[in-house]
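Counting from 1 along the sequence shown, just add 1269 to a position and that's the residue number in the numbering used here.
Contents: one structure, followed by commentary.
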Amino acid sequence: MSDDEDAPSRSVEDRLRELAARMPWTNPSAPSLYIGGGWIDIVARCHADLTTIDPDHTVTQVKQKFAELRYYATPSANLAPRALHGFGSRIRLAEIEASLACERCGRRGRLRNLEWLGVWCDEHVPHPDGS
Ligand SMILES: [Zn+2]
């Protein structure tokens, strides 16, 4: 049996880099993806669906702010009204999903107000001593 079977999966940094490389940044030289590992799948699914709805959209920034996912994307100019509505709704869905998902691991979490706001599961709540 090889040791690889127990090797941790790819690092959060690698997964973020891979996702960022696939996204249509408004400024391709400055991808701006600042989220925890627990939200990567949420953003990746949103990106895939937005690409289906509007292949020519661009993304300015995706980040966590005050414990919420902020997904700043611009639809293409010629998008039909119905698709435009779907575009906005899909982003809102990702924001709602993130509000229920631990930033660290993606499991069910809840909003907590420590010294800063965040969404964490019971296991990943930061401790007051910084651990
Ligand atoms: Zn967690």
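All residues carry an ideal CB built from backbone N, CA and C; glycine is no exception.
Specify, as a first and last residue, the run of the beta strand (DSSP E) that Ala1342 falls within. As a position in the sequence shown, residue 1342 is number 73, starting the count at 1. In the DSSP assignment, Ala1342 falls within the unbroken beta strand (DSSP E) covering 1337-1343.
Ala1313 to Leu1288 span [Cα, whole Å]: Stepping through the sequence shown from its first residue, residue 1313 is reached at position 44. Stepping through the sequence shown from its first residue, residue 1288 is reached at position 19. Rounded to whole angstroms, Ala1313 to Leu1288 spans 7 angstroms at the Cα level.
If the criterion is Cβ atoms closer than 7 angstroms, does the pair Leu1380 and Ala1336 meet it? As a working note, residue 1380 is residue 111 in the sequence shown. As a working note, residue 1336 is residue 67 in the sequence shown. Taking the C-beta atoms as reference points, Ala1336 is found nearer than 7 angstroms to Leu1380.
Using a Cβ-based criterion (distance less than 6 angstroms to any ligand heavy atom), does His1393 qualify as near ligand 1? Locating residue 1393 in the sequence shown gives position 124, where the first residue counts as 1. Yes.
Per-residue DSSP class, three states only, for Arg1279: Here the question's residue 1279 lines up with position 10 in the sequence shown. DSSP, read as helix, strand or coil, puts Arg1279 in coil.
Roughly how far, in whole angstroms, is the beta-carbon of Phe1356 from the beta-carbon of Ile1322, given that I think they are within contact range, below 8 angstroms? What you label residue 1356 is simply residue 87 of the sequence shown in a count that begins at 1. What you label residue 1322 is simply residue 53 of the sequence shown in a count that begins at 1. Taking the Cβ atoms as the reference, Phe1356 lies roughly 5 angstroms from Ile1322, within the contact range of under 8 angstroms.
Roughly how many whole angstroms lie between the Cα atoms of Leu1348 and Arg1359? Counted from its first residue, the sequence shown places residue 1348 at position 79. Counted from its first residue, the sequence shown places residue 1359 at position 90. In this structure, the alpha-carbon of Leu1348 lies about 15 angstroms from that of Arg1359.
Hey, quick one: how far does the beta strand (DSSP E) through Thr1295 stretch, first residue to last? As a first step, residue 1295 must be located in the sequence shown, where it is residue number 26. Counting along the chain, Thr1295 sits inside no beta strand (DSSP E), nor does DSSP assign it H or E at all.
Run through the DSSP bridge pairs and tell me what Val1388 is partnered with. Taking the first residue of the sequence shown as position 1, residue 1388 is located at position 119. Answer is Leu1380.
By the three-class DSSP mapping on this structure, what secondary structure does Val1394 have? On the sequence shown, position 125 is the one that residue 1394 refers to. In the three-state scheme derived from DSSP, where H, G and I count as helix and E and B as strand, Val1394 is classed as coil.
Are any of the Cβ atoms in chain C nearer than 7 angstroms to that of His1396? Of the protein chains in this structure there is only one, and it is not chain C.
Trp1385 burial status per 10 Å Cβ neighbour count (16 or more: buried): Walking along the sequence shown from the start, residue 1385 turns up at place 116. Exposed, because fewer than 16 other Cβ atoms sit within 10 Å of the Cβ of Trp1385.
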